[in-house]
Amino acid sequence: MKLLHRTRLILALACLMAAACATAPPPAGHPAAPDTVPLALRRAAFDIVWKKVDDTFWDRALLAERDWGGVRERYLPRALAASDPAEYHRVLHEMVRELRLSHFAVVGPAAVREAWARPLRATGDAGLRLRLLDGEAVVTRLDPGGAAERAGIRLGFIIDSIDGVPVARAGAASSAPPPRGEVPAAVPAALEGPIGSPVRLAYRGAAGPARSVTFARAPRMGRFRRITLFGIRVPGIPPQYGEVEARRLAGGAGYVRFSSFLQSLRPQVVRAIRSMRDAPGLIIDLRGNPGGQDSMGRGVANLLAERRMPFIITRKRNGREVFHVQPDGPGFRGPVVLLLDGGSGSAAEQFAAGLQEMRRVTVVGERSMGRDLDATLMKLPTGGMFQYAYGEVLTPSGVVIEGRGVVPDVEVPLTREALLAGRDPQMEAAFAVIQAAAGSRR
């Protein structure tokens with residue numbers, strides 16, 4: 028059953044894969060998964076996964092290079108011999124990972140149930156974001172007034188362990204390597220929990236010995252939202268967390284950050300950008316934004332477009348599809364800077380790459396994930412979920428984003444030293460671009 032077309036589902040699968048790494052029992056009200064998968068069902072689900080790739084993959088030559096026929100012969104005996112549902116779905120996941128591309132994943136029914144249960148619980152978090160800087164998990168963002176900030180955690184602090192589990196070990200269970208500079212999905216998942224539940228962080232500050240602090244998880248700044256397409260709720264995909272931040276900077280420049288490309292966030296983002304129409308410049312912060320729905324990105328890009336132009340191309344098995352942007356009512360016509368880092372992926376990359384090639388924005392920060400393919404999601408007869416890509420994404424000039432990422436116009440690394448000093452060098456560079464552009468217009 029195909030659920031979404033031309034949609035980045037890295038959000039949904041990231042949620043499911045993070046849940047798959049958890050060891051918590053199934054939530055109350057959900058029966059435990061059976062300890063076996065009937066042989067006929069195993070064979071049916073295996074055939075669906077293998078054939079869907081064989082039928083829809085956009086590049087037959089690359090599929091042959093990856094020896095997709097040989098992959099079938101190697102993995103079928105393992106799938107049929109799997110001892111339990113978790114092992115069976117791990118085998119299918121390993122099989123599609125043989126393609127060595129993003130947006131191919133299989134998760135089992137236990138992870139699906141957990142992903143659906145999370146939004147139904149009172150979910151809180153520690154109120155911080157971690158990135159790997161020089162191999163250490165460094166605090167790079169704090170929720171203003173959030174739980175971690177109130178507990179004394181500061182930007183630039185190194186988090187060594189969460190509830191006694193070393194960060195390095197928490198990431199060892201991940202089924203796929205994280206993007207450049209990003210901690211594995213199991214790490215931010217460990218920071219979540221019921222509102223009011225304690226979380227213990229072992230950390231190192233600017234100087235002195237390692238310390239630990241225990242504090243209560245607080246409500247998240249945003250909320251869980253259902254996946255929608257053309258205003259209609261899409262069944263089968265768990266709600267995804269989303270938040271939007273908008274404010275004015277010194278000199279009146281606008282700043283907008285949104286956590287993901289969810290259609291349900293689009294009205295709030297559109298209002299935020301339109302409220303900045305009189306600003307001398309606009310900074311859109313996509314750092315840590317893993318993507319979402321392409322249609323949301325194109326809708327926001329329309330607010331920045333100065334005329335109708337080709338925006339992005341999808342190469343599919345049966346040809347190419349060209350997507351355009353065009354002005355859509357009152358938008359923002361001043362200079363725009365996009366902030367990217369290694370956590371910017373999928374729809375965020377498409378949004379940035381299209382606008383960058385149109386020369387409508389200046390991209391500042393670090394190279395993005397390089398994980399950008401058109402994908403969809405389907406439910407397997409075993410109760411598991413299968414994400415597969417059916418299209419390669421290119422800019423109008425032919426630049427492929429998958430494996431490359433978006434290269435900043437102004438490359439600025441984030442350093443622990445700057446964070447400890449209370450500085451954000453990427454924001455500073457973005458602000459300098461806005462000031463220079465505004466000055467040249469006078």
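Residues are numbered in my numbering as their position in the sequence shown, beginning at 1, plus a constant of 27. Ideal Cβ placement from N, Cα and C applies to all residues, glycine included.
One or two residues paired with residue i in a DSSP bridge
| i | result |
| --- | --- |
| R304 | Paired residues: none, contrary to the question. |
| T341 | E348 and V420 |
| A229 | S188 and S239 |
| M405 | F413 |
| R105 | Per DSSP, none; premise fails for R105. |
| R156 | R168 |
| Y282 | R274 and I310 |
| F288 | G319 |
| T150 | P221 |
| M336 | V352 |
| I389 | Reading off the sequence shown, one finds Thr at residue 389, where the question assumed Ile. V364, per the DSSP bridge assignment. |
| V133 | F413 |
| A245 | D152 |
| P193 | S188 |
| E209 | R158 |
| V427 | L421 |
| L400 | E419 |
| E438 | G392 |
| E163 | L160 |
Counted within 10 angstroms of its Cβ, other Cβ atoms place residue i as buried (16 or more) or exposed
| i | result |
| --- | --- |
| G151 | buried |
| V214 | buried |
| E100 | exposed |
| R274 | exposed |
| R158 | buried |
| V210 | buried |
| N345 | exposed |
| P136 | buried |
| P266 | buried |
| I461 | buried |
| T403 | buried |
| E348 | exposed |
Nearest-angstrom Cα separation, counted from residue j out to residue i
| i | j | result |
| --- | --- | --- |
| H130 | D401 | 8 Å |
| A109 | F378 | 41 Å |
| F242 | G191 | 14 Å |
| D170 | A144 | 25 Å |
| G410 | P104 | 21 Å |
| L228 | A237 | 10 Å |
| L331 | Y230 | 42 Å |
| A216 | G425 | 37 Å |
| E455 | M336 | 31 Å |
| Q320 | D399 | 12 Å |
| G226 | A153 | A quick correction: the sequence has Val, not Gly, at residue 226. If you take the alpha carbons of V226 and A153, they lie about 8 Å apart. |
| G369 | A212 | 14 Å |
| G96 | A448 | 55 Å |
| I222 | F350 | 42 Å |
| P452 | R87 | 44 Å |
Option in the options with minimal Cα separation from residue i
| i | options | result |
| --- | --- | --- |
| L289 | G326, E444 and R70 | G326 |
| E333 | G318, R347, W77 and P354 | P354 |
| R181 | A465, A457, L126 and A445 | A445 |
| Y115 | V133, E270 and L126 | V133 |
| E429 | E419, A457, Y268 and G281 | E419 |
| L107 | E219, M122 and L66 | L66 |
| D187 | V165, G315, G208 and A212 | V165 |
| L155 | D451, A138, R177 and R70 | R177 |
| E121 | A88, W77, D81 and G173 | W77 |
| G397 | Y268, V433 and D305 | V433 |
| A142 | W85, G235, E219 and A245 | E219 |
| L441 | E125, L126, A234 and G315 | G315 |
| A174 | A233, R140, G208 and S224 | S224 |
8 Å contact criterion, which residue i and residue j should meet: CB distance rounded
| i | j | result |
| --- | --- | --- |
| P423 | E384 | 6 Å |
| A416 | L128 | 6 Å |
| L313 | L276 | At roughly 17 Å, the Cβ-Cβ gap does not stay under 8 Å, so L313 and L276 are not in contact. |
| S287 | G318 | 7 Å |
| F338 | G279 | About 29 Å separates the two Cβ atoms, so there is no contact after all. |
| P362 | A299 | Going by Cβ atoms, the distance from P362 to A299 rounds to 17 Å, so no, they are not a contact pair. |
| V391 | V437 | 5 Å |
Near the ligand FMN: residue i beta-carbon under 7 Å from a heavy atom
| i | result |
| --- | --- |
| A113 | Absence of the ligand FMN is noted for the structure shown, with no ligands found whatsoever. |
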